[in-house]
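Visitor:
As structure tokens, then:
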């Protein structure tokens, strides 16, 4: 792995999560971002900062696309054209047409494209998948997923539907992908969104979304997303019910370590709290890196990323029109695309 | 005050009898003439077991001129009892859902109004002190405007013990009819009775497939949109396994402009493990919501004031259920009549 050359494009929040994962795996990372944040981020993690996209792509075996969603297509196509494998942060694109074009281009070029649907790598969701796939819940009837965090006012593009797709596409696509991973093809989507849905979003803005997915298997899933008030802690939950019983999760219910009582900014601030397992970003990037090196296919494919976008796009259409949107059977199914790994 | 509990079809009949039996100033009579003959869980057998007076016919009950009645018959059999009670001048507490058709619900409301008696719909969760605090906080404006609500009212399938709950003719449906209304009623309270504008529903019969509920849905998700823009997402599934330590529960999250509020109507007081049963221990907490609801009804009967939730509240939430079933048929959101 030491020789793996990674070009990381972007220097925002997700780049900050991916960069230490790459360096932990021994990759050499060159960082490029069109804004002025790349040098500082590179210095912080011992990476190299370069001055242009072409300089970043030159000789890179892997390109990690961590830019705003509306630029994913352009950066990904440039990476594919340069012969690099691609990890593209979710959502792959704002629309299924663009996402399909990206997956097709990667396939035609013989490189791999994986979407950063990192929730599949969170232990609770990976275990849920094991339970459902292993039949522990019997036949699943109904599932609920919630995802709650503060409104991402720290970066202006999130609030702009033309750049992020808004809460339905940017945030709720996580659980839409999980629901399809667990219960298969989605044939009907209904969604609604409320609150502050346009840019700019002031501090204190709130937005929520609600989606109901109907799977070809008969299972029904409810996905709720919340971009909450400023002091909202990040929290995810799920509840799944089947003929074999139920399973539930609340990310705030059982912490490894909980620290209370300390004055904000005091000495306890430096103590890590919460979850002490491996970072899901490291798990994700290790699995992708192994696949890039010719190893087994990871748990999420480029086509899975396309399908997640298709579901989110249907949700956005439903929210816009007020109608439930039918998806043709098979269009959200799982397909395996054979591609080759890095030439050793 | 003479109070009659009419029919033992609903599980709650025994609950209400237990709560009223020993109350001072209450003379309790019961009747269950439509019970299947010989059913030991119904009719005179149950009344004797509960130690309450029993009448063999509706005529016999109404001849005793009750001041108030509690209607706990099958959902489709509420109307004839409510109309009869109204005609005899008795105030009515009717089990939810108020009816299985809008025509029945409207007829019941009209009959009570014409007779000058009060009609209350049995939604006990409104009487949770925690919900009252939540409602007051919204009314005072400290939480900002309400943006969305997501709630779950899950329980074990009641048809396992009371088969009519899964008879579409008698119950009006399955889990959607049984469970959508509680969360919908809480939102009705928060919105001061604003009638929903649109309903979308999806459902299936995966759970208990081939069991006691061959004809109705056992799991359902409902999305309700209100004219003011609020959207409420409900999980109304009978998804609690039969061997679960509780019948189910109701929890609701309100996302508002300034805060997110979570409400649990049936929080456990104590947890743990019970080695005798090999199951989780669950000691119920909170106040007795049914008792609080009966207090409201009896006070309305005594004073003649309008109880809350009234028959109209029951009709508004019934309309949501009826639209949910229409949505199941069409696969699309269904608009409710305005005004």
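Residue numbers (the working numbering), protein chains in the order written: chain S, 125 to 468; chain D, 40 to 378.
Every residue, glycine too, gets a C-beta built ideally from N, C-alpha and C.
None of these values were measured; they are calculated from a predicted model.
Got a sec: which bits of the region 411 to 422 of chain S sit with their beta carbon under 8 Å from any beta carbon on chain D, in order along the chain?
Guide: The residues in question: there are none.
Visitor: I want to see whether chain S comes within less than 8 Å of residue 270 (chain D), judged by CB atoms only; does it?
Guide: Closer than 8 Å: yes.
Visitor: Residues of chain S with CB under 7 Å from residue 278 (chain D), in chain order?
Guide: Correct list: 265, 266, 365, 370.
Visitor: If the cut-off is 7 Å on Cβ atoms, which residues from the region 302 to 329 of chain S count as contacting chain D, listed in chain order?
Guide: Within the region 302 to 329 of chain S, the residues whose Cβ lies closer than 7 Å to some Cβ of chain D are 312, 314, 316, 318, 319, listed in chain order.
Visitor: Any idea which residues DSSP pairs residue 373 (chain S) with across the strands?
Guide: S:362, per the DSSP bridge assignment.
Visitor: With distances taken between CB atoms, is the gap from residue 330 (chain S) to residue 270 (chain S) smaller than 8 Å?
Guide: Not a contact, by the Cβ cut-off of 8 Å.
Visitor: What did DSSP end up calling residue 201 (chain D) once you bin it into helix, strand or coil?
Guide: Reduced to three states, the DSSP call for residue 201 (chain D) is coil.
Visitor: Got a sec? Which residues, its chain only, sit under 6 Å from residue 113 (chain D) by beta carbon, not counting five neighbours each side?
Guide: Closer than 6 Å at Cβ, skipping near neighbours: 48, 203, 209.
Visitor: What is the DSSP secondary structure of residue 287 (chain D), counted as helix, strand or coil?
Guide: In this structure, residue 287 (chain D) counts as strand in the three-state DSSP scheme.
Visitor: Measuring CB to CB, does residue 210 (chain S) end up less than 8 Å from residue 128 (chain S)?
Guide: No, the Cβ-Cβ distance between residue 210 (chain S) and residue 128 (chain S) is not below 8 Å.
Visitor: Measure the alpha-carbon distance for residue 416 (chain S) versus residue 246 (chain S) and round it to whole angstroms.
Guide: In a straight line, the C-alpha of residue 416 (chain S) is about 21 Å away from that of residue 246 (chain S).
Visitor: For residue 298 (chain D), return the contacting residues in chain S, with the cut-off set at a CB-CB distance below 8 Å.
Guide: Ordered by position in chain S, the residues that pass the 8 Å Cβ test against residue 298 (chain D) are 353.
Visitor: Let me confirm a value: residue 381 (chain S) is counted as buried when at least 16 other C-beta atoms fall within 10 Å, else exposed. Which label applies?
Guide: Burial call: exposed.
Visitor: Taking the alpha-carbon positions, what's the residue 316 (chain D) to residue 249 (chain S) distance?
Guide: The alpha-carbon atoms of residue 316 (chain D) and residue 249 (chain S) are separated by roughly 30 Å.
Visitor: If we count the other Cβ atoms within 10 Å of its Cβ and call it buried at 16 or more, is residue 362 (chain S) buried or exposed?
Guide: The residue is buried, with at least 16 neighbouring Cβ atoms inside 10 Å.
Visitor: With distance defined between alpha-carbon atoms, name the residue in D:310, D:351, D:46, D:363 nearest to residue 231 (chain D).
Guide: Here the closest residue by C-alpha is D:351.
Visitor: Is the CB-CB distance between residue 257 (chain D) and residue 246 (chain D) below 8 Å?
Guide: Their beta carbons are under 8 Å apart, which means residue 257 (chain D) touches residue 246 (chain D) by this criterion.
Visitor: Compute the Euclidean distance between the alpha carbons of residue 464 (chain S) and residue 376 (chain S), then round it to the nearest angstrom.
Guide: In this prediction, residue 464 (chain S) has a pLDDT of 39, which is less than 50 and means its spatial position is unreliable; nothing more can be read from the coordinates.
Visitor: Would you mind stating whether residue 205 (chain S) and residue 365 (chain S) have Cβ atoms separated by less than 8 Å?
Guide: No, Cβ-Cβ distance for residue 205 (chain S) and residue 365 (chain S) is not below 8 Å.
Visitor: Under 8 Å by Cβ, that's how I've got residue 384 (chain D) and residue 117 (chain D) pegged, so tell me the actual separation to the nearest angstrom.
Guide: Outside the shown range of chain D, which is 40 to 378, sits residue 384 (chain D), and nothing can be said about it.
Visitor: Thinking residue 405 (chain D) and residue 129 (chain D) are a contact (beta carbons under 8 Å), I'd like their distance in whole angstroms, please.
Guide: Outside the displayed span of chain D (40 to 378) sits residue 405 (chain D), for which this structure offers no information.
Visitor: Do residue 359 (chain D) and residue 188 (chain D) have their CB atoms nearer than 8 Å?
Guide: It is not a contact, given that the beta carbons lie outside the stated cut-off.
Visitor: Is there a Cβ from chain S that is less than 8 Å from the Cβ of residue 371 (chain D)?
Guide: For residue 371 (chain D), the answer is yes, since a Cβ of chain S falls inside 8 Å of its Cβ.
Visitor: If you pair each beta-carbon of the region 142 to 162 of chain S with each one of the region 196 to 203 of chain S, do three or more pairs fall below 8 Å?
Guide: Contact between the region 142 to 162 of chain S and the region 196 to 203 of chain S is absent, because fewer than three Cβ pairs lie under 8 Å.
Visitor: Could you tell me whether the region 303 to 311 of chain S touches the region 332 to 340 of chain S, using the rule of 3 or more Cβ pairs below 8 Å?
Guide: Cβ pair count under 8 Å is three or more, so yes.
Visitor: Quick one, are the C-beta atoms of residue 244 (chain S) and residue 297 (chain S) less than 8 Å apart?
Guide: No, Cβ-Cβ distance for residue 244 (chain S) and residue 297 (chain S) is not below 8 Å.
Visitor: For the region 364 to 378 of chain D against the region 437 to 454 of chain S, are there 3 or more C-beta pairs whose distance is under 8 Å?
Guide: Short answer: they touch.
Visitor: Starting from residue 132 (chain D), trace the beta strand (DSSP E) in both directions and tell me its first and last residue.
Guide: Residue 132 (chain D) -> beta strand (DSSP E) spans 130 to 134.
Visitor: Below 7 Å between beta carbons is the criterion; list the residues of the region 280 to 309 of chain D that meet it against any residue of chain S, in chain order.
Guide: Of all residues in the region 280 to 309 of chain D, 280, 294, 296, 297, 298, 299 have a Cβ within less than 7 Å of some Cβ in chain S.
Visitor: Does the region 317 to 330 of chain D come within contact of the region 157 to 172 of chain D, defined as at least 3 CB pairs closer than 8 Å?
Guide: Taking 8 Å as the limit for Cβ pairs, the verdict is that the region 157 to 172 of chain D does touch the region 317 to 330 of chain D.
Visitor: Mind the definition here: the region 268 to 284 of chain D touches the region 172 to 180 of chain D only if three or more C-beta pairs lie below 8 Å; say whether that holds.
Guide: Contact fails: fewer than three Cβ-Cβ distances are below 8 Å.
Visitor: Quick one, which of S:276, S:140, S:237, S:314 has its alpha-carbon nearest residue 436 (chain S)'s?
Guide: Nearest C-alpha to residue 436 (chain S): S:314.
Visitor: Quick check: is the beta carbon of residue 59 (chain D) nearer than 8 Å to any beta carbon in chain S?
Guide: With 8 Å as the cut-off, residue 59 (chain D) does not count as an interface residue toward chain S.
Visitor: What residues in the region 230 to 245 of chain D have a beta carbon less than 9 Å from any beta carbon of chain S?
Guide: Of all residues in the region 230 to 245 of chain D, 237, 239, 240, 241, 242, 243, 244, 245 have a Cβ within less than 9 Å of some Cβ in chain S.
Visitor: If we require 3 or more residues per run, which beta strand (DSSP E) segments fall completely within the region 297 to 375 of chain D?
Guide: Segments of the beta strand (DSSP E) lying fully in the region 297 to 375 of chain D: 299 to 303, 307 to 309.
Visitor: Curious, which full-length beta strand (DSSP E) runs of at least 3 residues does the region 77 to 157 of chain D contain?
Guide: Listed in chain order, the complete beta strand (DSSP E) runs (minimum 3 residues) inside the region 77 to 157 of chain D are 92 to 94, 107 to 110, 130 to 134.
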